[in-house]
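K.L.:
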Amino acid sequence: MFASRKLVMHLIKAVLIVTTVIGIGSCQKYYIEKSLSPVRSYTAAHEQESAVEQLVQRIIGERSKDVVVSIQPAATEFALLSYAGTTLKITGSDAVSIAFAFNHYLKYYCRKQISWAGDQISDIPNPLPSVPPEGVTIKAGVKYRYYQNVCTVSYSSVWWNWTRWEREIDWMALNGINLPLAFTGQEAIWEKVYKKLGCSDEDIKKHFAGPAFLAWGRMGNLHGWGGPLPSSWIKSQLILQHQILIRMRSLGMIPVLPGFAGHIPSAILNLYPKADVIQLSHWSHFNCTYSCTYLLQPHDPLFNTIGSMFIKEQMLEYNGTNHIYNADTFNEMTPPSSDPGYLSNASRAVYDAMAAADPDAIWLMQGWLFHNEPTFWKTAQKKALLTGVAKGKMLILDLFSESYPQYLPDWYFGQPFLWCMLHDFGGNMGFYGKINTVNTQPEIALTSANSTMVGTGVTPEGINQNYMMYDFMLETGFTVHSVNVTNWLKEYTMRRYNTSNPEAIKTWNILGNTIYNDTKPGFPSKSLIRGSPVKRPSLDNPGLPYWYQYSSLALAWDNFSQSLNTLKDLETVRYDAVDITRQMLQAIHRLLYYAMVEEFLWKRDPGKLGEQLLDLLDDFDKMLCSDAHFSMGKWIQDAKVLGTTAEEKNLYEYNARVQVTLWGPNGEILDYASKHWCSLVKHYYRPRWALFVSYLNHAYATKSKFDHKAFTSDVFTNVEEPFTEDRTVFPSTATGNAIELAKDMYIKWRPFLNDV
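FYI, our numbering numbers position 26 of the sequence shown as 467, with every residue one higher than the one before it.
1) Measure the C-alpha to C-alpha separation of Leu-721 and Thr-734 and round it to an integer number of angstroms.
2) Quickly, what does DSSP pair Ile-675 with across the bridge? List them, please.
3) What would DSSP say about His-664, mapped onto helix, strand or coil?
4) If we call anything under 8 Å between Cβ atoms a contact, is Asp-769 one with Ala-702?
5) Quick check on this structure: which residue in Gly-651, Asn-1159, Leu-859 has the alpha carbon closest to the alpha carbon of Val-401?
6) Ignore the nearest five residues each way along the sequence and tell me which others in Lys-447's own chain have a CB closer than 8 Å to its CB.
7) Check each candidate in Glu-490, Cys-551, Lys-584 and name the one with the smallest Cα separation from Tyr-471.
8) Taking C-beta to C-beta, are Trp-600 and Asn-905 nearer than 8 Å?
9) So is Asp-1010 buried or exposed if we call it buried at 16+ other beta carbons inside 10 Å?
10) Could you tell me whether the stretch 600-619 touches the stretch 573-589, where touching means 3 or more Cβ pairs closer than 8 Å?
11) Do you know how far the Cα of Ile-885 is from the Cα of Met-894?
12) Between the alpha carbons of Ser-597 and Arg-936, how many angstroms are there, rounded?
13) Any idea what DSSP makes of Gly-559, helix, strand or coil?
14) Just to confirm the assignment, what range does the alpha helix (DSSP H) spanning Asp-981 have?
15) What are the start and end residues of the alpha helix (DSSP H) that includes Tyr-991?
16) With a cut-off of 8 Å, do at least 3 Cβ pairs link the stretch 1059-1078 to the stretch 686-704?
17) Give a yes or no on whether the C-beta atoms belonging to Ala-1114 and Val-1101 are separated by under 8 Å.
18) How do the stretch 1048-1059 and the stretch 1152-1163 stand: do at least 3 beta-carbon pairs fall below 8 Å, yes or no?
19) What are the partner residues of Pro-621, as DSSP defines its beta bridges?
20) Taking the straight line between their C-alpha atoms, what separation do you get for Asp-1017 and His-764?
21) Check each candidate in Ile-562, Ala-1097, Asp-535 and name the one with the smallest Cα separation from Ser-511.
22) Please report how far the alpha carbon of Ile-719 lies from the alpha carbon of Leu-736, in whole angstroms.
23) Tell me, please, which residues DSSP counts as bridged to Gly-898.
24) Using the Cα positions of Gly-464 and Ser-788, report the straight-line distance between them to the nearest angstrom.
25) Which residue spans inside the stretch 726-771 form an unbroken beta strand (DSSP E) run of at least 3?
26) Could you please give the first and the last residue of the uninterrupted alpha helix (DSSP H) stretch that includes Tyr-1034?
27) Taking 8 Å as the limit between beta carbons, can you name the residues of its chain near Pro-781, skipping five residues before and five after?
28) So if DSSP puts Ser-511 in a beta bridge, which residue, or which two residues, is it bridged to?
29) Would you kindly work out how many angstroms separate the C-alpha atoms of Phe-854 and Gln-469, rounded to a whole number?
30) Would the stretch 947-955 count as touching the stretch 925-932 if we require 3 or more Cβ pairs under 8 Å?
31) Shortest alpha-carbon distance to Met-862 belongs to which of Thr-1174, Ser-523, Ile-531, Tyr-587?
32) With DSSP run on the structure shown, which of helix, strand or coil describes His-704?
33) Would you call Gln-807 buried or exposed, if buried means 16 or more other Cβ atoms sit within 10 Å of its Cβ?
34) Can you tell which of Val-1170, Leu-1058, Ser-1004, Thr-1174 has the C-alpha that lies nearest to the C-alpha of Trp-427?
35) DSSP on Met-806, reduced to helix/strand/coil?
36) Considering only DSSP beta bridges, list what Phe-720 is partnered with.
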């Protein structure tokens, strides 16, 4: 007995010594990594090798014969660039690492760029530039690099075909993303499950949201809005999902599939009258016509039945799984109870339903709920939800790490998480960023003693905006090492424009250190980023952005305008000519708006300022129309082409129009997904502002108060709602010379920034 006790004491002492040596955090990370081990690629090395060879060929065409790739599986992701004769050799642990290294080579040795906002990829040097004799080794700093927000699939990719998806998956691989969300086509799986449960076609039609609002139907925020969802859509999206998954998996990616969070069609109440179901409250100004969805209580046996059925159907349909599933039960919805026991049971039910079908399941959950309702999610409630699932079986997306990190101070009570940059809401196009925060905080979080961080991610609600910030985050997020931002911005400019133009470099250095470097805590009002042109006018003081000075914008514009005299006519130059000019006109519009309202409130004639503001909007639209990336017509065209009947085309166009304007039938989320797009400015924003100016002028002339109630009713009835029902065909291709127009706009409007 004594000898046994002595042995135990020696063992305890040994454990304490080991713990001291390697650190408590290291032990925890080892346990987490072991728990997450099923979440990996199951594609053979030779298949990944073939897939990445084809990717290289898609990017550089016949020059791909000068690139040789080779996969050597390893415990830690890496890639080695080496040079033999005139051949570039890339050896890596997997296809994504090789693709990331290939993109690194294009960026830093060939000065090339592939982006959402146009490419600069022609004229690859011949022979290919050499790398140092010892080669260039790139190691991944984290195991997982995540991409997308559950809203991105509605705000940006809703109308994509396979051609567009193929390009995006290539872009993902080139940027090191290995954990992408794969939510397309899930309605076909849900349809099978619901029908097996007894739901009719009519029941399902009432439940599914329309194409542009599927994200919020899937999260249980809405039902039916924007629908009914045609059966042709459900079938075609399932075909598309198969293509997406095959390509993602071939490149060694780990697709995140959906799981069951508890939200059900209303028909379940009639089919299973004994089921314990509650009705949630309304969501975001919607009434119960489209909101107030139903949640199956976690303790009800039907919860596990539905959840496991769904996972099984997916595994059967998609020929297996990578064992990771996303589900968000309380996203922007208040739980029916704050009792820790209830919340613990709720999370356990979600996971158990996954595990019943897939014992190796890992639940990926967005941490947005903790930021969205901080008064509800106090420590006890947060802990209960997170610890209802065994450690390492839940992976948290710390969705808004750069502005509102939720991993501190408790590190998610031992659950692993990904440090994510959200950055953008709805795909709004105003310039914004926290570049220094993004540069330093992921590394600090990863190396902290109690850290449970296992990856990084970008989680914008909408893409095709502010590309520089995403290029930066994805590059530094792969290695998780901070860089010299000034040097990085210089390299970014040179590869974007294929030149070392000093004015262009200075432009991006100014922007990167001012408007893209918000160092203040939190996140500014979304209206300060979206810009006043897309805001429904009112007498409320619009205010000015506070994290940078307008004088910095003027200086950046001066340098960029000068650079346009020598920059080549490239796709990326044309895009930035529009994008930078758009940002400057947005800023000037805010100044004119502010001055016009002030004149009226001081009982002075606002007429001249109103004329200038409307003139600016005309130029704004003209500028946007010179590049198809800024096209409302293209957005609508892409929607309509997916329709198989006139009725479907009309439904899809309505979805496309209403999402970027009213959002709901009565403007429930007005101007949220607002875009700076050609034709949208001319046919929607300008008429609103013209009506506002006329109301101001009338009130001034008659010495009466501005009738806000009358204006609100008038603008909704005669401008906003009619636009969603209109079927005018807008141009979908560019008109005008973007570079020359940018020069003209600079000459005309730059003086308005002189006195700021």
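Don't be surprised by glycine CBs; every beta carbon is placed ideally from N, CA and C.
P.N.:
Walking through what the data contain:
1) Here residue 721 corresponds to residue number 280 of the sequence shown, with the count starting at 1. Here residue 734 corresponds to residue number 293 of the sequence shown, with the count starting at 1. For Leu-721 and Thr-734, the distance between alpha carbons rounds to 5 Å.
2) The sequence position of residue 675 within the sequence shown is 234, counting from 1. Per DSSP, none; premise fails for Ile-675.
3) Counted from its first residue, the sequence shown places residue 664 at position 223. Residue state, collapsed to three classes: coil.
4) Along the sequence shown, one-based indexing puts residue 769 at 328. Along the sequence shown, one-based indexing puts residue 702 at 261. Taking the C-beta atoms as reference points, Ala-702 is found nearer than 8 Å to Asp-769.
5) The question about residue 401 has no answer, for the chain in this structure spans 442 to 1197.
6) Walking along the sequence shown from the start, residue 447 turns up at place 6. A caution first: Lys-447 carries a pLDDT of 45, below 50, which makes its placement in the model unreliable, though a value can still be read off. For Lys-447, where only same-chain residues beyond five positions count, there are no Cβ hits under 8 Å.
7) Here residue 471 is taken as the residue at index 30 of the sequence shown, counted from 1. Nearest C-alpha to Tyr-471: Lys-584.
8) Within the sequence shown, numbered from 1, the residue matching residue 600 stands at position 159. Within the sequence shown, numbered from 1, the residue matching residue 905 stands at position 464. Going by C-beta atoms, Trp-600 is not nearer than 8 Å to Asn-905.
9) Taking the sequence shown and counting its residues from 1, one reaches residue 1010 at position 569. Exposed, by the Cβ-count rule.
10) Judged by Cβ distances under 8 Å, the stretch 600-619 makes contact with the stretch 573-589, as three or more pairs qualify.
11) Numbered from 1 along the sequence shown, position 453 holds the residue referred to as residue 894. Numbered from 1 along the sequence shown, position 444 holds the residue referred to as residue 885. Taking the straight line joining both Cα atoms gives about 10 Å.
12) Numbered from its first residue, the sequence shown carries residue 597 at position 156. Numbered from its first residue, the sequence shown carries residue 936 at position 495. Distance between the alpha carbons of Ser-597 and Arg-936 is about 26 Å.
13) For the purposes of this step, residue 559 is identified with residue 118 of the sequence shown, where counting begins at 1. Gly-559: strand per DSSP, three-state reduction.
14) Here residue 981 refers to the residue found at position 540 of the sequence shown. It is not in any alpha helix (DSSP H) - Asp-981 carries neither H nor E in the DSSP assignment.
15) Here the question's residue 991 lines up with position 550 in the sequence shown. First-last of the alpha helix (DSSP H) with Tyr-991: 991-1004.
16) no
17) For the purposes of this step, residue 1114 is identified with residue 673 of the sequence shown, where counting begins at 1. For the purposes of this step, residue 1101 is identified with residue 660 of the sequence shown, where counting begins at 1. The Cβ-Cβ distance between Ala-1114 and Val-1101 falls below 8 Å.
18) no
19) Counting from 1 along the sequence shown, the entry for residue 621 is found at position 180. In the DSSP output, where bridge partners are listed per residue, Pro-621 has Tyr-588.
20) Translated into the one-based positions of the sequence shown, residue 1017 becomes position 576. Translated into the one-based positions of the sequence shown, residue 764 becomes position 323. Going by the C-alpha atoms only, they are around 41 Å apart.
21) Within the sequence shown, residue 511 is the residue found at index 70, counting from 1. The candidate whose alpha carbon is nearest that of Ser-511 is Asp-535.
22) Start at 1 with the first residue of the sequence shown, and residue 719 comes out as number 278. Start at 1 with the first residue of the sequence shown, and residue 736 comes out as number 295. If I take the Cα positions, the gap works out to 5 Å.
23) Taking the first residue of the sequence shown as 1, we reach residue 898 at position 457. The partner list for Gly-898 (beta bridge, DSSP) reads Tyr-587, Cys-861.
24) Here the question's residue 464 lines up with position 23 in the sequence shown. Here the question's residue 788 lines up with position 347 in the sequence shown. Below a pLDDT of 50, predicted positions are generally treated as unreliable, and Gly-464, at 35, falls in that range; the measurement from the model is reported next regardless. So the two alpha carbons sit approximately 30 Å from each other.
25) 735-737, 765-767
26) The count along the sequence shown starts at 1 and reaches residue 1034 at position 593. It spans 1012-1042 - the alpha helix (DSSP H) in which Tyr-1034 sits, taken as one unbroken run.
27) Position 340 of the sequence shown, counted from the first residue, corresponds to residue 781. Correct list, in chain order: Ala-821, Gln-822, Lys-824, Ala-825.
28) Here the question's residue 511 lines up with position 70 in the sequence shown. Answer by DSSP bridge pairing, in chain order: Thr-532.
29) Stepping through the sequence shown from its first residue, residue 854 is reached at position 413. Stepping through the sequence shown from its first residue, residue 469 is reached at position 28. Cα-Cα distance, rounded: 11 Å.
30) yes
31) Numbered from 1 along the sequence shown, position 421 holds the residue referred to as residue 862. Checking every option, the nearest Cα to that of Met-862 belongs to Tyr-587.
32) Indexing the sequence shown from 1 puts residue 704 at position 263. When DSSP states are grouped into helix, strand and coil, His-704 belongs to the strand group.
33) Residue numbering aside, residue 807 sits at position 366 when the sequence shown is read from its first letter. By the neighbour-count rule (16 or more Cβ atoms within 10 Å), Gln-807 is buried.
34) A query on residue 427 cannot be resolved here, the shown segment of the chain reaching from 442 to 1197 and no further.
35) On the sequence shown, residue 806 is found 365 positions in, with the first residue counted as 1. The answer is strand: DSSP assigns Met-806 an E or B state.
36) Working through the sequence shown from its first residue, we reach residue 720 at position 279. With the sequence shown as reference, residue 720 is identified as Gln, and Phe is not the correct amino acid for it. For Gln-720, which the question treats as bridged, DSSP gives the partners Tyr-735.
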